[in-house]
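Participant:
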Amino acid sequence: MTRKLRIAFCRIAQETNALSPVCSELADFHRTHFMEGDELLAACGRFGTEVTGFARSLELSGFVRGAEKIGGDRVELVPLFSAWAVPSGKLSANALAWFRKRLVDDLRAAGPLDGLFLSMHGAMVAIDVQDPEAALLSDARSVLGPLVPISVSYDLHAHLTRAKIDAAPLVTAYRTNPHRDHFRVGYRSAEILVRTLLGSHSPTIAWRTLPMVLGGGTTIDFLPTMRPIFKLMKRMERDPRVLYVSLFTCQLWNDAPDLGWATHVITDDDPGLAERLAEQLADAAWAVRHKLPPQLPGPEEALRQARSAGLLRKFGTVCISDASDMVGAGATGENTALLRTLVDSGQGLLSYAPIRDAQAIDALWDTPLGSAVSLEVGGKLAPDHHAPLEVSGRLLRRYPDTAFGRIVVLDLGHVKLVITENAPLAMKPSFYRNVGLRPHKADICVVKSLFPFRLYFLLHNRKTIYAKTRGTTDFDAYKHIHFDGEVHPRDPVAEWRPADRRRRLHGG
């Protein structure tokens, strides 16, 4: 009887904002999503829910389904664990040490393995460790040895590095922004890994890195600037020799000296083709470098635009993204600038807004519902960026033990304020709906997200406005990073290849 191929799968995922003052701890993963063993395998099955409260089927579900379809009874899947946390600051030393030990221990306990699939974000940073995902991949490689293939999926905002590639060259990235192809990426990862193990694929890879941190307009995949590039990638994959093509547009709030866009190509036993396509895709990405994101209005102008959209508001809400305080990109969620404008100047508009303030929660927690309250909110975690705001209103509701910690809702009149103990990832209508507010009735819903809210609020959102309020997710944060050379758009860079050769071939 032929021995089954034993393939392990695991997730360690968090997008780090290296500019945030708040460390990410192990408790943040356990609070958001942590699952292991047979429970994880069942959650990734056809009738399971992979990440409760976020999505039913993501990368691990796609991988499981793909491996089962392609490998059939020739494959045995070995679930390790799945850990995911809301984007925030750098991973603490203790948290990284725990993950490194847990991954090594689980791989050793799993027994002989023929392959490993890891789902990662690709933009994780830890205290005193610039590339912790490379360290985790290297740990896995040290256990499995040099011959066992490791496949890894990344967000398209990952920071692709030589250390990551050296440890795990079989890379697959999201191809949509806002992201909506998690399952497909996992499935494609399974196709490549399982067929490699079965002997029908012999992967060869090539990649390029660009001295470019901003470009491509909004980088939304279906809008004019980036759509031709993603179509080019699909055309490349029509060649049966091409197994996968990835483009990485990097995460702006990573302080790595070699931060930049990157391309990656996997071919079937054709290294020359991989090199040509990686180069061609890099040229296409470089060609859109001068298409920068639009200038964003300040809070007052954002409110004026929302007020002028009277007809649209009759049929839904206006979503104002606090672009300088995007929890979905690792900000603290305590910026008061937009809230101050809504409170002071937003009369006549029903607005829902979130704020993070554990101290305010403590002060209000034992206060009877319906009480009149006055207190300062926000501006406690990053006082250099955010000033506290004095608010007065009525204590409307109180919720213990939610995904965002404890929650209280204040009625400030035309503003309903949701105060959370932990970072308020306000990107779904359910964020407000779950605390008794009806998003479709509001004139304005403040969101703390860059792209995903556009999908989740699709039924309610009639106009999108991004507001710049100054904070840790400003688009010009790259101006303060100490790069290893000239980088667009901070510097005039005529050619990408010299930086690519230095970073990719010489490791920096």
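Here the sequence shown is numbered in our numbering, starting from 73 and rising by one per residue.
C-beta: ideal position from N, C-alpha, C; glycine also.
How far does the beta strand (DSSP E) with His105 in it extend, from its first residue to its last?
Facilitator: 105-108 is the extent of the beta strand (DSSP E) around His105.
Participant: Put Ser423 into one of helix, strand or coil per three-state DSSP.
Facilitator: Ser423 falls in the strand class under three-state DSSP.
Participant: Suppose contacts are defined by Cβ-Cβ distances below 9 angstroms. Is Trp156 in contact with Phe81 by that definition?
Facilitator: Taking 9 angstroms as the Cβ cut-off, Trp156 and Phe81 do not qualify as a contacting pair.
Participant: Please list, in chain order, all residues of the same chain as Glu263 whose beta carbon is under 7 angstroms from its beta carbon, the five residues on each side excluded.
Facilitator: If we look at Glu263 and ignore the five residues flanking it on each side, its Cβ neighbours are Gly138, Ile142.
Participant: What residue does the alpha helix (DSSP H) around Tyr504 start on, and which one ends it?
Facilitator: Note, Tyr504: alpha helix (DSSP H), 501-505.
Participant: Using only alpha-carbon positions, find the residue among Asn249, Val201, Asp341 that is nearest to Met298.
Facilitator: Nearest of Asn249, Val201, Asp341 to Met298, Cα basis: Asn249.
Participant: Where does the unbroken beta strand (DSSP E) through Asn533 begin, and where does it stop?
Facilitator: Its beta strand (DSSP E) spans residues 533-539.
Participant: Let me know if Asn494 comes out buried or exposed under the rule of 16 or more other beta-carbons within 10 Å of its beta-carbon.
Facilitator: Buried, because 16 or more other Cβ atoms sit within 10 Å of the Cβ of Asn494.
Participant: Output the residue ranges of the beta strand (DSSP E) runs that lie fully inside the segment 270-325 and measure 3 residues or longer, sorted by chain position.
Facilitator: Entirely contained in the segment 270-325, the beta strand (DSSP E) runs reaching 3 residues are, in chain order, 275-281, 314-320.
Participant: Shortest alpha-carbon distance to Ile277 belongs to which of Trp170, Asp340, Asp227?
Facilitator: Selected option, being the one with the closest Cα: Asp340.
Participant: For the alpha helix (DSSP H) containing Arg575, name the first residue and the last one.
Facilitator: It is not in any alpha helix (DSSP H) - Arg575 carries neither H nor E in the DSSP assignment.
Participant: Consult DSSP for Ala553 and reduce its assignment to one of helix, strand or coil.
Facilitator: Rather than Ala, the amino acid found at residue 553 in this sequence is Ile. Ile553: coil per DSSP, three-state reduction.
Participant: Glu148 bridges to which residues according to DSSP?
Facilitator: Paired residue(s): Arg78.
Participant: Phe320 and Ala245: beta carbons closer than 9 angstroms?
Facilitator: Yes, they are a contact pair.
Participant: Where does His362 land, buried or exposed, given buried means 16+ other C-beta within 10 angstroms?
Facilitator: By the 10 Å Cβ count, His362 comes out exposed.
Participant: At what residues does the alpha helix (DSSP H) containing Asp434 begin and finish?
Facilitator: Element bounds for Asp434: 430-436.
Participant: Count the other CB atoms, across all protein chains shown, that sit within 10 Å of the CB of Trp437; report buried if there are 16 or more and exposed otherwise.
Facilitator: Exposed, because fewer than 16 other Cβ atoms sit within 10 Å of the Cβ of Trp437.
Participant: Arg526 to Gln367, Cα distance in whole Å?
Facilitator: Taking the straight line from one Cα to the other gives about 19 angstroms.
Participant: Can the beta-carbon of Ser92 be found closer than 9 angstroms to that of Thr408?
Facilitator: Not in contact: Ser92 and Thr408 (Cβ atoms no closer than 9 angstroms).
Participant: Can you tell me where the beta strand (DSSP E) with Asp394 in it begins and where it stops?
Facilitator: Taken as a continuous stretch (DSSP letters only), the beta strand (DSSP E) holding Asp394 covers 389-394.
Participant: Does the segment 306-326 come close enough to the segment 369-376 that 3 or more CB-CB pairs lie under 8 angstroms?
Facilitator: Contact between the segment 369-376 and the segment 306-326 is absent, because fewer than three Cβ pairs lie under 8 angstroms.
Participant: Quick one: using the 10 Å Cβ neighbour count with 16 as the cut-off for buried, is Thr536 buried or exposed?
Facilitator: Its Cβ having fewer than 16 others within 10 Å, Thr536 is exposed.
Participant: According to DSSP, is Tyr259 part of a helix, a strand, or is it coil?
Facilitator: Helix.
Participant: Using a threshold of 9 angstroms, state whether the C-beta atoms of Gly285 and Arg562 are closer than that.
Facilitator: Before going on, a small fix: residue 285 reads as Val here, not Gly. Yes, the Cβ-Cβ distance between Val285 and Arg562 is below 9 angstroms.
Participant: Terminal residues of the continuous alpha helix (DSSP H) containing Arg137?
Facilitator: Counting along the chain, the alpha helix (DSSP H) containing Arg137 begins and ends at 131-143.
Participant: Ignore the nearest five residues each way along the sequence and tell me which others in Ile338's own chain have a CB closer than 6 angstroms to its CB.
Facilitator: Correct list, in chain order: Pro275, Ile277, Leu315, Tyr316.
Participant: Check whether the segment 161-171 touches the segment 226-235, taking contact to mean three or more Cβ pairs, one atom from each stretch, closer than 8 angstroms.
Facilitator: The segment 161-171 vs the segment 226-235: no contact.
Participant: Hey, how far is the Cα of Leu345 from the Cα of Pro312?
Facilitator: Leu345 and Pro312: Cα-Cα distance of roughly 12 angstroms.
Participant: Under the assumption that Val490 contacts Tyr504 (Cβ atoms under 8 angstroms), give the Cβ distance between them as a whole number of angstroms.
Facilitator: Going by Cβ atoms, the distance from Val490 to Tyr504 rounds to 7 angstroms, so yes, they are a contact pair.
Participant: For Ser225, which three-state DSSP category applies?
Facilitator: Correct three-state label for Ser225: strand.
Participant: Please say whether Pro296 and Phe547 have beta carbons closer to each other than 9 angstroms?
Facilitator: Contact: no.
Participant: Check the C-beta distance from Phe189 over to Arg174 and give it rounded, since I have them as a contact under 8 angstroms.
Facilitator: Their Cβ separation, rounded to whole angstroms, is 17 angstroms, which puts Phe189 and Arg174 out of contact at 8 angstroms.
Participant: Would you kindly check if the distance between the Cβ of Tyr424 and the Cβ of Leu509 is under 9 angstroms?
Facilitator: Yes, they are a contact pair.
Participant: Which whole-angstrom value describes the C-beta separation of Val257 and Glu131, a residue pair presumed to lie in contact below a C-beta threshold of 8 angstroms?
Facilitator: With 8 angstroms as the limit, Val257 and Glu131 qualify as a contact, their Cβ atoms being about 6 angstroms apart.
Participant: Arg180: buried (16+ other C-beta within 10 angstroms of its C-beta) or exposed?
Facilitator: Exposed.
Participant: What residue from Thr492, Ala195, Lys513, Pro472 has the CA that sits closest to Lys520's CA?
Facilitator: Ranking Thr492, Ala195, Lys513, Pro472 by Cα distance to Lys520 puts Thr492 first.
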